[in-house]
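> Each protein sequence line maps, in turn, to chains A and B. Numbering-wise (my numbering), the first sequence opens with residue 11 and increments by one. Numbering-wise (my numbering), the second sequence opens with residue 59 and increments by one.
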Amino acid sequence: MISRRRFLGGVAAGLATLASPLGFARGRMPYGAALTFHVPWPVSSLDPHRIDDVLAAFFGDALFDTLYARDDAGALVPALAASDPQPEGAGLRVSLRPGVRFASGSPLDARAATASLARARAHDAAAWLADVPAPRPTADGLGLVFAMRDARVLVRALASPLVAIVAPRFAPEKPEGTGPFRAEAVQGALRLVRNGFAASGPSFLDAIDARHAPDLETSLRAFESGADDLGWLGSFLHEPRAGALAFDAGAVAWAILRTGRLAGPLDAPGTAQALADGVPHAALAPLVVGPSWAPAASSSGPTTWTGPPSDLLVRDDAPWLLEVARALAVPLSTPAHEITVRPVPAAELASRRAGRAFTLMIDVARPAGPDALGAVLGIATADDPSTALDLARHPPRGDLSPRRATRSMRVGVVGEIRLQGGRAPDVVLPASPWGRGVDWGNSLRTRR
Amino acid sequence: MARSKTIFVTAGLAGSLVSLASAPRAEAAGALETVTQGAASALGGLTATLNSSVVVAAPIGADDPAPRGDELALRVAALVAGRLGPGVRAHPQTAQLATARALAGRASALVYVETSIAQGDLRTTIDVYPPMANAWDRIRNPLPSPTGHGFATAKIDAEVRAFLAPLLLESATIDRAHHDEGDVLAAACGDVDGDGGNELVLVSASRVAEGRIRGGRFVPDRTATWDAIGPRSPVPMREPLAGAAIAEGTIDVGSTARGGVRLDADLRLGETLIGMPAWGGDGIVCLMPEPSAGAFDGAPVDCAVRRDPRPAIAVPAPRFDAFAAASVTDVLGHERLVVAVREPSGRVRLKAGEATSAPDLLFGAQLAVVDLDQDGYPELVTSADLSFPGAPGNRPEDAIDVASWKTGEAGPPSSIASPAQAVLQRSLHIAAPGGVHALAVCPPEQHGAPTLVAVVGSEVWLIRAALQR
Numbered sequence: 011m012i013s014r015r016r017f018l019g020g021v022a023a024g025l026a027t028l029a030s031p032l033g034f035a036r037g038r039m040p041y042g043a044a045l046t047f048h049v050p051w052p053v054s055s056l057d058p059h060r061i062d063d064v065l066a067a068f069f070g071d072a073l074f075d076t077l078y079a080r081d082d083a084g085a086l087v088p089a090l091a092a093s094d095p096q097p098e099g100a101g102l103r104v105s106l107r108p109g110v111r112f113a114s115g116s117p118l119d120a121r122a123a124t125a126s127l128a129r130a131r132a133h134d135a136a137a138w139l140a141d142v143p144a145p146r147p148t149a150d151g152l153g154l155v156f157a158m159r160d161a162r163v164l165v166r167a168l169a170s171p172l173v174a175i176v177a178p179r180f181a182p183e184k185p186e187g188t189g190p191f192r193a194e195a196v197q198g199a200l201r202l203v204r205n206g207f208a209a210s211g212p213s214f215l216d217a218i219d220a221r222h223a224p225d226l227e228t229s230l231r232a233f234e235s236g237a238d239d240l241g242w243l244g245s246f247l248h249e250p251r252a253g254a255l256a257f258d259a260g261a262v263a264w265a266i267l268r269t270g271r272l273a274g275p276l277d278a279p280g281t282a283q284a285l286a287d288g289v290p291h292a293a294l295a296p297l298v299v300g301p302s303w304a305p306a307a308s309s310s311g312p313t314t315w316t317g318p319p320s321d322l323l324v325r326d327d328a329p330w331l332l333e334v335a336r337a338l339a340v341p342l343s344t345p346a347h348e349i350t351v352r353p354v355p356a357a358e359l360a361s362r363r364a365g366r367a368f369t370l371m372i373d374v375a376r377p378a379g380p381d382a383l384g385a386v387l388g389i390a391t392a393d394d395p396s397t398a399l400d401l402a403r404h405p406p407r408g409d410l411s412p413r414r415a416t417r418s419m420r421v422g423v424v425g426e427i428r429l430q431g432g433r434a435p436d437v438v439l440p441a442s443p444w445g446r447g448v449d450w451g452n453s454l455r456t457r458r
Numbered sequence: 059m060a061r062s063k064t065i066f067v068t069a070g071l072a073g074s075l076v077s078l079a080s081a082p083r084a085e086a087a088g089a090l091e092t093v094t095q096g097a098a099s100a101l102g103g104l105t106a107t108l109n110s111s112v113v114v115a116a117p118i119g120a121d122d123p124a125p126r127g128d129e130l131a132l133r134v135a136a137l138v139a140g141r142l143g144p145g146v147r148a149h150p151q152t153a154q155l156a157t158a159r160a161l162a163g164r165a166s167a168l169v170y171v172e173t174s175i176a177q178g179d180l181r182t183t184i185d186v187y188p189p190m191a192n193a194w195d196r197i198r199n200p201l202p203s204p205t206g207h208g209f210a211t212a213k214i215d216a217e218v219r220a221f222l223a224p225l226l227l228e229s230a231t232i233d234r235a236h237h238d239e240g241d242v243l244a245a246a247c248g249d250v251d252g253d254g255g256n257e258l259v260l261v262s263a264s265r266v267a268e269g270r271i272r273g274g275r276f277v278p279d280r281t282a283t284w285d286a287i288g289p290r291s292p293v294p295m296r297e298p299l300a301g302a303a304i305a306e307g308t309i310d311v312g313s314t315a316r317g318g319v320r321l322d323a324d325l326r327l328g329e330t331l332i333g334m335p336a337w338g339g340d341g342i343v344c345l346m347p348e349p350s351a352g353a354f355d356g357a358p359v360d361c362a363v364r365r366d367p368r369p370a371i372a373v374p375a376p377r378f379d380a381f382a383a384a385s386v387t388d389v390l391g392h393e394r395l396v397v398a399v400r401e402p403s404g405r406v407r408l409k410a411g412e413a414t415s416a417p418d419l420l421f422g423a424q425l426a427v428v429d430l431d432q433d434g435y436p437e438l439v440t441s442a443d444l445s446f447p448g449a450p451g452n453r454p455e456d457a458i459d460v461a462s463w464k465t466g467e468a469g470p471p472s473s474i475a476s477p478a479q480a481v482l483q484r485s486l487h488i489a490a491p492g493g494v495h496a497l498a499v500c501p502p503e504q505h506g507a508p509t510l511v512a513v514v515g516s517e518v519w520l521i522r523a524a525l526q527r
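(1) Write down the C-beta distance between A323(B) and G274(B) rounded to the nearest angstrom, noting that I regard them as a contact closer than 8 Å.
(2) Would you mind sorting N192(B) into buried or exposed? The rule is 16 or more other CB atoms within 10 Å of its CB.
(3) Can you find the residues in the same chain that come closer than 8 Å, C-beta to C-beta, to V363(B), ignoring five residues on each side of it along the sequence?
(4) Locate the alpha helix (DSSP H) running through D400(A), then write down its first and last residues.
(5) Hey, does V110(A) have any beta-carbon neighbour from chain B nearer than 8 Å?
(6) Output, in sequence order along the chain, the residues in the region 78 to 98 of chain A whose CB is closer than 9 Å to any CB in chain B.
(7) According to a CB-to-CB cut-off of less than 9 Å, which residues of the region 179 to 213 of chain A neighbour chain B?
(8) Return the CA-CA distance between P224(A) and L454(A), expressed in angstroms with no decimal places.
(9) Which residues, in order along the region 222 to 244 of chain A, keep a beta-carbon less than 9 Å from a beta-carbon of chain B?
(10) Could you list which residues in chain A have their beta carbon closer than 9 Å to that of P347(B), in chain order?
(11) Going straight from the alpha carbon of F156(A) to that of Y41(A), what length do you get?
(12) Mark E455(B) as exposed unless 16 or more other C-beta atoms lie within 10 angstroms of its C-beta, in which case mark it buried.
(13) Does P292(B) come within less than 8 Å of chain A when only Cβ atoms are used?
(14) Check whether the region 121 to 135 of chain B and the region 212 to 227 of chain B are in contact - that is, three or more C-beta pairs closer than 8 Å.
(15) Closest by CA to R428(A), which one among D119(A), V165(A), P296(A) and P319(A)?
(16) Specify whether the region 201 to 216 of chain B and the region 164 to 181 of chain B touch according to this definition: at least 3 beta carbon pairs, one from each stretch, less than 8 Å apart.
(17) Please classify P31(A): is it buried, with 16 or more other beta-carbons within 10 angstroms of its beta-carbon, or exposed?
(18) What are the boundary residues of the alpha helix (DSSP H) that Q95(B) is part of?
(19) Using a Cβ distance threshold of 8 Å, determine whether the region 381 to 394 of chain A contacts the region 249 to 258 of chain A, with at least three qualifying pairs required.
(20) To the nearest angstrom, report how far apart T269(A) and L331(A) are at their CA atoms.
(21) Let me check understanding here. Comparing Cα to Cα, which of W51(A), R325(A) and D373(A) lies closest to T228(A)?
(22) Roughly how many angstroms lie between the CA atoms of L90(B) and G391(B), to the nearest whole one?
(23) Thinking just about the alpha-carbon of each residue, which of G379(A), V262(A) and V354(A) is nearest to the one in M464(A)?
(24) If I measure Cβ to Cβ from P341(A) and keep anything under 8 Å in the same chain, skipping five residues before and after, which residues do I get?
(25) Leaving out five residues on either side along the sequence, give the residues of the same chain with a beta carbon under 6 Å from the beta carbon of L420(B).
(26) Any beta carbon from chain B within less than 8 Å of R107(A)'s own beta carbon?
(27) On the DSSP letters alone, give me the boundaries of the beta strand (DSSP E) that G208(B) sits inside.
(28) In this structure, how does DSSP classify Q504(B) when only helix, strand and coil are distinguished?
(29) Return the bridge partner residues of T509(B) from the DSSP annotation.
(30) In whole angstroms, what separates the C-alpha of D216(A) from that of A209(A)?
(31) Go to H291(A), then tell me how far its alpha helix (DSSP H) extends in each direction, as first and last residue.
(32) Who are M334(B)'s beta bridge partners in DSSP?
(33) Would you decide whether H248(A) is buried or exposed? Buried here means 16 or more other CB atoms lie within 10 Å of its CB.
(34) Residues in its own chain within less than 6 Å of E85(B) by CB, not counting five upstream and five downstream?
(35) Using only CA atoms, which one of R433(A), A259(A) and D327(A) lies nearest to V448(A)?
(36) Where does P470(B) land, buried or exposed, given buried means 16+ other C-beta within 10 angstroms?
Here it is, written out as structure tokens:
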């Protein structure tokens, strides 16, 4: 486990500035070079349609596009779609850009887009797509017709990264889309290579190697020594790297605490958030979890664990999440009410989650969409997809902050999962147009 | 009576950019050769009857000072005489028509050559008059109708400029005009509609606008949105490059986000082009984008869509992100194609004929080749190299640099420098903190000087060498 003092040293620089904007006046953006870094997360699969896929939150935009996307000015514009939705009969037609291909070279047609949207809905996008009926592909294979009238609602829904268009027969272990990069299978790493068929244009960088880090120190050590180009959540472990700069691409997801049916009467709505709020921000601050939260008094429910000694499940291949669990367990435990962190394989975690066969669990939730409601729907989907669907059909009014919205859920927001740290001086990491994460396609290195 | 075919084209390819120097013509020759050949050939079969005629030049007409104007008129007359046959004699002095008729005496015909300089054009008119052997004939018919007539025009080049007041690049003037086209990617300038005046075309990511500078603003006369003229490319470049080139009656435009298309003078859609249009020095060529490299690959090709596109001209580097070409005429009328490309590394490679050169400098993404001062040496116009890191607010400012490409060795001043020996001599440095978005060149117009068009931020700058008075 990384010591708090050592880790904070590196974090300080990470908080200092923000990601570099693109900007060489009217010079050319340099093509070429690669980025190498370590991430304390599993890197063996990536699924943009899963609400708990943190790798998709980090790198989804590098591999996938959506039918509509946000431009630099914040407007929603056609991306894989050829134009704004056009009335067709009683519905709306979304035409696809002709000639677009997935990274493997297979064409993007209406059938593939329809299948991708169906897959997204079948996974975790049902609530986000609550107002959008399943489309039917047009006979010419170049359009999708949605039985709805409101083009604005349709465009907003189709712009979410949670409904990114994936290739037919999609496999998270071989993620394939139309984004600026394509994924290559490499043991222990997510290797992103420039996609020559990219619908938004091939990336500036030749490649990105995101290697699995077994702990939080590995990335900082490698960055400090110059072996890595990015330091994950910090800039150094012992000594600052000469010339290193900071980047902060903001929060891309949340670490959440779940209560399960083994918690007995404590498996009640609001308990998880009350417990999470009971953890002092200082306990988690070294893990760069975002701004401080309101004191526990504002929560309803116990602020420490009041049940019998219990396990806090966490997947064993996510070092950062493991550290969060450990940092959480200490302040939540009291004598006779101890919480023990118990790492389990991802498959077991998924199985237990599906059956709610656990007492406490640390997990991940992404936003379902870019706005405040999208954030709430993402967490709600992580809690219970059917509840999320109701929430989507009857959106709450007033305060939509995640920590407040979860008072009626069996999950609580523990902290933000942020994309920030240190970068080599020649690395440029523009912010995503969504304001969450890095625009990897436009990232580059200035050194010739 | 015929007007020789002339095509005036300029083009700009954003970022990279293509532009043209002095007036390009259908014929690969200097202005003098073009007008004399054009006007003489317009006489048709009459030429065969003129083998013992006399050619007399009229005093030159010019809209600007022409210190050696009559020498120019006599030079044109001599070239016309040469075209008409070995027995044709050119009179060594200029003369008004009445005098010329007397001078012609018993020659088989009087070939009266009028030469003028107007709005950047060298214009030559040939009138053939029947013989008037004695004074009585001339009194009886003082204004006989010509039996033959020929006319030709060409844009002024260095050979012509040698007879006119020189242009001073160091004293260049800049006229600034505001534009509302947003982030301009490419510009082109030329006479689209054949009315003798240049139009300006600005290409942005959203539309193509054709118009003129009026009252300190770029005022579009016609616009066409990209959505109306070009579907989005399946694989665009992440950083779009665009191009534009004007020919008589057509405007070729393209963008790596949309592809290339040919538009008519009213910006109506014509055929699709195989690549990104650019001026190739002697006609429009197409550059082939390679989106994975953010650059163009290989030699420019003919723009017609075909399975195996034909290379049109050779380039000095296989991959480049900026391109400029111009046919530059020296003071002796020798014309040479000058090609400049910028490699993605920022290095510029030059080619003239078979020779190539690579100055040991880094340049910005905007490029043009033009003989701005019409001294027979091409100018390389570039933006500043800004592609290196710097803290916000501490980055270098963009600029327009104009460098003359001259030989460092003693030699005939009339010859274009061999690139192998060439040195770039910076003639002009203009700070452009708004960022140089595009460069283009207008054919000679006002004072006979070509105009460098620079789109700088939200302004269009018209940069011209000053006329020495």
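Virtual Cβ for every residue (Gly too), placed ideally from N, Cα, C.
With the given structure in hand:
(1) That pair is no contact at about 25 Å.
(2) By the 10 Å Cβ count, N192(B) comes out exposed.
(3) E329, T330, L331 and I332
(4) P395 to R403
(5) yes
(6) P88, A92 and S93
(7) P190, R204, N205, G206, F207, A208, A209, S210, G211, P212 and S213
(8) 27 Å
(9) none
(10) Those do not exist, as P347(B) stays about 11 Å from chain A at its closest Cβ, beyond 9 Å.
(11) 39 Å
(12) exposed
(13) At a cut-off of 8 Å between C-beta atoms, P292(B) counts as an interface residue with respect to chain A.
(14) yes
(15) P296(A)
(16) yes
(17) Residue placement at P31(A) cannot be trusted, given a pLDDT of 31 that sits under 50; the coordinates are not used to answer.
(18) A89 to S99
(19) no
(20) 16 Å
(21) Ranked by Cα distance from T228(A), the options W51(A), R325(A) and D373(A) are led by W51(A).
(22) Their backbone Cα atoms lie some 7 Å apart in a straight line.
(23) Here chain A covers residues 11 to 458 and nothing more, so residue 464(A) does not appear.
(24) Close CB contacts of P341(A) within its chain, under the 8 Å cut and outside five residues either way in sequence, are with G288, V289, P290, A293 and T314 (chain order).
(25) G404 and D443
(26) Taking 8 Å as the threshold, the shortest C-beta distance from R107(A) to chain B falls below it.
(27) G208(B) -> beta strand (DSSP E) spans G206 to K213.
(28) Correct three-state label for Q504(B): helix.
(29) T509(B) pairs with C500(B).
(30) 16 Å
(31) Here the alpha helix (DSSP H) through H291(A) covers H291 to L294.
(32) L345(B)
(33) Counting Cβ neighbours within 10 Å, H248(A) comes out exposed, since fewer than 16 surround it.
(34) Here E85(B) scores only 42 on pLDDT, less than 50, and its place in the model is too uncertain to base an answer on.
(35) A259(A)
(36) Confidence is the limiting factor: at P470(B) the pLDDT is only 39, short of 50, which leaves the residue's position unreliable and the question unanswerable from this model.
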